Every structure is written in C-alpha cells, then in structure tokens.
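Here the protein sequences line up with chains A and B, keeping their order. Mind the numbering: the first sequence is residues 1 to 300 in our numbering, read in order. Mind the numbering: the second sequence is residues 301 to 599 in our numbering, read in order. Ideal Cβ placement from N, Cα and C applies to all residues, glycine included. Since this is a predicted model, take the numbers as computed values, not measurements. I have placed the structure first, in the form of structure tokens, so that the comments after it can refer back to it.
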Amino acid sequence: MFSFTKEQKVFDISGVCIGGQPGMYPTVLFGGLFFKGEPDFEDAKRHIQIFYERSKQTGVPVVPDFFIRKVEYIEPILSFIEKIIPKKQPFSLDIIEPSLKIQTLEELSSRKLLPRTIYNSLHIGMTTEEYETLQKYTPEAAILVAFNPKDKSPDGKIEVLENGAHLIENGLLKTAQTIGITKLLIDTAALAPGENSGAAIAAIPVIKEEYGLPTGCAIHNVVEKSRWLNDFPFAKKTVDVSSNTTIPLFGGDYALFGPIENTELIVPLIAWQDILISEYTENYFGISPVASHPRRKLLK
Amino acid sequence: MKQKIQTSVIGSYPVAINTQELMNDYFTEQPSSWTPYIEQAVHDMTTAGITYVSDGQTRDPFIQLFTRKMKGCRIRERTEIIGPVRYKDPITVADQITAKRLLPRHAGLIGVLTGPFTLAKSSVDSFYHDERTLAFDFAQVLHKEAELLVKHVDFISIDEPVFSNELPEYAFELLQTITKGLSRPTRLHVCGDVSSIIPRLVDMPVDILSHEFKASPHLFDVFVEYPCKKQMCIGAVQSDDTRVESVEEIVAHVKKAITIFDENVVHIAPDCGQRLLPRDIAFQKLKNLALAGEILNER
Chain A
1 MFSFTKEQKV
11 FDISGVCIGG
21 QPGMYPTVLF
31 GGLFFKGEPD
41 FEDAKRHIQI
51 FYERSKQTGV
61 PVVPDFFIRK
71 VEYIEPILSF
81 IEKIIPKKQP
91 FSLDIIEPSL
101 KIQTLEELSS
111 RKLLPRTIYN
121 SLHIGMTTEE
131 YETLQKYTPE
141 AAILVAFNPK
151 DKSPDGKIEV
161 LENGAHLIEN
171 GLLKTAQTIG
181 ITKLLIDTAA
191 LAPGENSGAA
201 IAAIPVIKEE
211 YGLPTGCAIH
221 NVVEKSRWLN
231 DFPFAKKTVD
241 VSSNTTIPLF
251 GGDYALFGPI
261 ENTELIVPLI
271 AWQDILISEY
281 TENYFGISPV
291 ASHPRRKLLK
Chain B
301 MKQKIQTSVI
311 GSYPVAINTQ
321 ELMNDYFTEQ
331 PSSWTPYIEQ
341 AVHDMTTAGI
351 TYVSDGQTRD
361 PFIQLFTRKM
371 KGCRIRERTE
381 IIGPVRYKDP
391 ITVADQITAK
401 RLLPRHAGLI
411 GVLTGPFTLA
421 KSSVDSFYHD
431 ERTLAFDFAQ
441 VLHKEAELLV
451 KHVDFISIDE
461 PVFSNELPEY
471 AFELLQTITK
481 GLSRPTRLHV
491 CGDVSSIIPR
501 LVDMPVDILS
511 HEFKASPHLF
521 DVFVEYPCKK
531 QMCIGAVQSD
541 DTRVESVEEI
551 VAHVKKAITI
561 FDENVVHIAP
571 DCGQRLLPRD
581 IAFQKLKNLA
591 LAGEILNER
C-alpha cells in the first residue's frame, strides 16, 4: 500500500464522501440496476434495501447506479428514485445514448434532482447537444470515462483526460470544468480481457498521483467478458466479486459493480479490504480512517 | 520525357472520426476498429485516381503516430522521452496491410515514416539531453519499421518537415540509417521553404526528393542553380489553402517543373499531407491532380 504525494481531493456528494489518501475514506460502491433494460421496480426496491442495510452495517458507502436504456423508462425510473432513495443520498445514472441523456437531464432539472445526481458519464463520444444541455442543467458530480481508443495504457488514459487525444477539441477534464461540473470522478475504463484490461487498475495510482481526483472503474466487467472463465463456473462468481478488491488495493476510491444482486458478497469483501488497507496506512503513513470507516465500525 | 508521371500523396488525409461509435464499441466491449477510417482515406485517394496512396495516417498526428508505439516515449501534451528509444512492435504495418487490401489493381502504396529529426525536435527530451543521439535512436527504430514495410509497400517516404528550419550536419548519416539496405525506393519529403538547403538536399541518400513547389514556386529558380540528378516529386496543389487548383493550373505548374528536371519528374503530389483541409476540398484537389497527371502523360 502507498500514499500519494499529490494532495488528494475529497468530494462530499450528498453525504457520501469519496476520494482522499488510501485508508482515509472507505471505498464507495456503485451497484448497477436495470442493466438489461426493462426495470423491475419491486426487485430493485428489495435489492436497494439490502444495499443500504449492508452499508450501514459495514460502513462501506453505497450509491445505486441506474441504467436507463429507453426513453419510456426515464420518468418511471426517476419517479422510483424520488420515492425509494433517501432524500440525502446520491444516485448515479448510467446512460449511453446521447438523446436519452439530454432528455434525462431536463427531467432531472424539473424534479430538482441534479444536486444528488452522479452523471455517468462524460467521454469522447459526447455530442454538442449533450454538452449544451449539460451547461444548462448541470449536475454537481460526474464520472469521466478515460477511454482512449488509440492507447489503452495509463498514459493513453491521461492523454484523453488532458487533451482529448486529438479525438475531441479539449481534454475531458477541461470539458467538465467548462460545463461547470465541480465534483469529478475518474473512471479508468476497464476493457475486455486481451485489450490491456489490467491497465485500468494500473492507471488508478497514476491518475490519482497526477490529478488527485477520486478514481475507480468497473473492473468486474473484465471478468464478465472473460470466455475462459466460463470453463470454471464455480470460480467465476468469486473472481467477479473479488476483482473489485484490486481497486482499493491500488489506491482507488470507488468500484462500479453489477448487478446489485452481488451486494451480499461485495460489500463485506470491500469492508474487509478497507480494514486491511487502513491498518497499514495508519501504521506506516499515519493516515487515520474517518469515523464511519469499516475499521472503526467493525473492529472495536 | 519517356517515363510516365505518377500521381501520389504525401501522407495524411482528413477523415471524420466517429467518437460516438468508438464509445459504443467500448460500452459493448468490442475492440476499437480503425479500419473504417483507413477505408475512407484509401477510398477517396483511389476514387480520385491517385496512383500511389497512403493509409491516410488517420490514427494520430504524424508525431504521435510513431512515438506512441516506441519504447522510451510517453505521450502527454507532447511526446516525452523518458528512456532509451527502442523498437517495440510494428508501428504502421498493420494499417498498411489493411490499406493494401483495399487497393485497386492500378494503385500502389507508400510506406510513410515521420523522420527521426522531426521526431526528436518535436519531443520533450527528459532522458538523452542529446538531440543527435536521440535522433539516431529514432532512426534505428524507423529502419526496423521500414524493413517490415518494404514487404507491403511500393516505396518508403520519409517526412522531415523540420529540415526546412534546421538541417543538422548529420542529416545524411541520419537518413542513411533508415534507408540503408532497403529493397524499395525511398523518398524524402521536406515541406516549407527549402531554398537555403537545396545544395545539401540534392545529395541525400534517397531516390526521390519531394517539396512544396506549389506554395513555394521560387524553389524552381534555386534548383536551376543546383542541378539535381535525383528523381523529383513535385508539389502541385497546396495543402494549406482551400482553393482548389484547376487541372490546367496544375498542368502548367508541372510543365514548368519538367523544363527544369526533365524526365526526373516522376511524382506529382500535394505540397504536404492534407489532414488540415476539409475532406471534400482534399478530394477535389486529388481529383484534379489525377486528371492533370493523365493530361501530362498523354503528351
């Protein structure tokens, strides 16, 4: 474990603190819902309840991450969020299609949900219309996906954050700042096995040292796409869940995992990992964990 | 004039990169494919009727295109040299193979290399602190790349724009490091005003010299003073001006070149890479260039 020389920013997003030196704040878990498209609200309600319960029990902060795949899902999903997610809790919206993002931003604004929204995500595929809509309806927090199709190494990820890798006019950081988004989370863009997937983990300390911003990724995607793991069906779930531990081990601040059904396995696992990291970083670097940290909560 | 004049490009070609599509590939976990962009460039060049085409150098600006894949280089705002520059993997070979697959029978392929001095001058050197050593290490890497490229291309073109501002005393040896032993002809492209360095350029260890004669027509006058036995590639349409030169204008320009270089005029081309032009303008310029080539060869 290590400590960064660059000052590490900590963002409070509707009560969830994210970032800082390893061992200070617990790893934030984003649990994915509705990845396949059609929302099952009853099922989601049950899983979100468990998600929050395990968070309270362990001290691991959690953020539900809602996928929105079709325009007709925007209103029901946002109504569900208003009803189910506590008023002082953040949530994340994961939308790919630019036109859906635009309509969702308008709806978030009219419902006054933007201060609680983590916009997932800004990337090189952003359209002019999306940019203009974001300037009008600006969420406080956003995830920046540092995917560089030219270069999947940590350097390539920095390039896309810094100058857009000559694919877009400005780097993602400047773009986000120009829009007015103040709380930026970097996603190191995990890729399929064979596509330099390990670089997503290697990039975490590199990017944190460079920018001091909260950094993480959806490393479990790599496992999901692995074909050879299909030959080991009993191991696949274990590998999927445990892959998330590499993020705090490399100094990362958050993990996007899915589906949220894996809560029971992942939340205690990350709590355990955070405890180990905190023990070391406090002893070696003198970094004390915050009061809500799993180490304070579970080891009394 | 006995030898047929061939039409050619210098290297880069403007294509629109669809970043949304690249992101969709990312979200669906498909590998990013650059083939559509190589196809667009090659399609335009061959449809325009150009004989020797490139892969369009669509991946990157011409510095990062090479340094991105070399050991010892790190891409930041500029290329940073952080260790010994060494060959890692083929740099442009895969794209050249893709381009070759797309060529009609009459067309040939150029293996374009960004020159070692231009690479050295465009980098931030945090390792060597010695420009000459860095340039020669770049040249060694480019030689290895060229050795692989000659299996797939008709000739190698070395792009050294920085020479027009500064021609190092070791320029000959530097280029020789790349060209020595290659089994295909070589071309040196130096854009900008090369009038002051022509006496040295005419002795460089390459087969063809390529310059921007259209934007700098006074180069003709200087070459008259320094007889050149090299074959010549005549820049005949500007790459920094959106005005499309007419076929007649191009023909007249090349005829002037023929009065000076006679049968050594083997290629006519744009003055430089066309990356910065709008695509429709770049295409029209190539089309007129090809038509001019046909007229010149009918004489």
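L402(B) has its alpha-carbon roughly 7 Å from the corresponding atom of V342(B). Contact annotation for F257(A) against chain B: no contact, minimum CB-CB distance about 16 Å [criterion: below 8 Å]. Legend: CB atoms of the stretch 375-389 of chain B lying less than 8 Å from CB atoms of chain A belong to residues I375, R376 and E377. Nearest neighbour of G251(A) by Cα position, chosen from S288(A), C17(A), P98(A) and P22(A), turns out to be P22(A).
Judged by their CB atoms, G32(A) and R69(A) are not nearer to each other than the 8 Å cut-off. Apart from the 5 residues on each side of it in sequence, D94(A) sits with its Cβ closer than 6 Å to the Cβ of D65, F67 and N120 in its chain, given in chain order. Look at P90(A) here: in three-state DSSP terms it is coil, with no helix or strand label.
At a cut-off of 8 Å between C-beta atoms, E329(B) counts as an interface residue with respect to chain A.
For Q531(B), there is no enclosing alpha helix (DSSP H); the enclosing beta strand (DSSP E) covers residues Q531 to V537. Runs of beta strand (DSSP E) with 3 or more residues, each lying fully within the stretch 50-121 of chain A, are found at 62-67 and 91-94, listed in chain order.
When the beta-carbon positions are compared, K183(A) and A165(A) stay at least 8 Å from each other. Residue state for Q440(B) is assigned as helix, using DSSP reduced to three classes.
With fewer than three CB-CB distances shorter than 8 Å, the stretch 192-202 of chain A does not count as touching the stretch 127-137 of chain A. Counting along the chain, the unbroken beta strand (DSSP E) around Y387(B) starts and ends at T379 to Y387.
N163(A) belongs to the set of residues whose beta carbon lies under 8 Å from a beta carbon in chain B. Contact between the stretch 497-507 of chain B and the stretch 526-537 of chain B is established, with three or more Cβ pairs separated by less than 8 Å.
Close to Q320(B), with beta-carbon spacing below 8 Å, are these residues of chain A in chain order: P98, G125 and T127. The three-state reading of DSSP puts T281(A) in helix, counting H, G and I together. The beta carbon of K208(A) is closer than 6 Å to those of F4, T215 and G251 in its chain, skipping five residues each way along the sequence. Judged by beta-carbon spacing, I456(B) lies within the 8 Å limit of V450(B), meaning their Cβ atoms are closer than that value. DSSP, read as helix, strand or coil, puts P461(B) in helix. According to the DSSP assignment, K183(A) belongs to the beta strand (DSSP E) that extends over K183 to D187. In this structure, the alpha-carbon of Q306(B) lies about 51 Å from that of I102(A). The beta carbons of G212(A) and K9(A) sit about 5 Å from each other, so the pair counts as a contact at 8 Å. Proximity of the stretch 325-337 of chain B to the stretch 274-294 of chain A falls short of the contact definition, fewer than three beta-carbon pairs being nearer than 8 Å. Every beta strand (DSSP E) of 3 residues or more that sits fully in the stretch 15-50 of chain A is shown, in chain order, as 16-19 and 28-33. Here I410(B) is bridged, per DSSP, to F455(B).
Counting along the chain, the unbroken beta strand (DSSP E) around A569(B) starts and ends at V565 to P570. Comparing alpha-carbon positions, the option among I158(A), T178(A) and L269(A) lying closest to P26(A) turns out to be L269(A).
The three-state reading of DSSP puts A235(A) in helix, counting H, G and I together. H567(B) and I508(B) do touch by the CB rule: their CB atoms are close to 7 Å apart, below 8 Å.
At a Cβ-Cβ threshold of 8 Å, R386(B) and V441(B) count as neighbours.
For K371(B), the enclosing beta strand (DSSP E) stretches over residues M370 to I375.
Remark: C-beta atoms of K174(A) and A203(A) do not approach each other more closely than 8 Å.
If you ignore the 5 residues before and after A271(A), its C-beta comes within less than 6 Å of the C-beta of T58, V60 and P294, all in its own chain and listed in chain order. If you draw a straight line from the Cα of N230(A) to the Cα of N262(A), it comes to about 18 Å.
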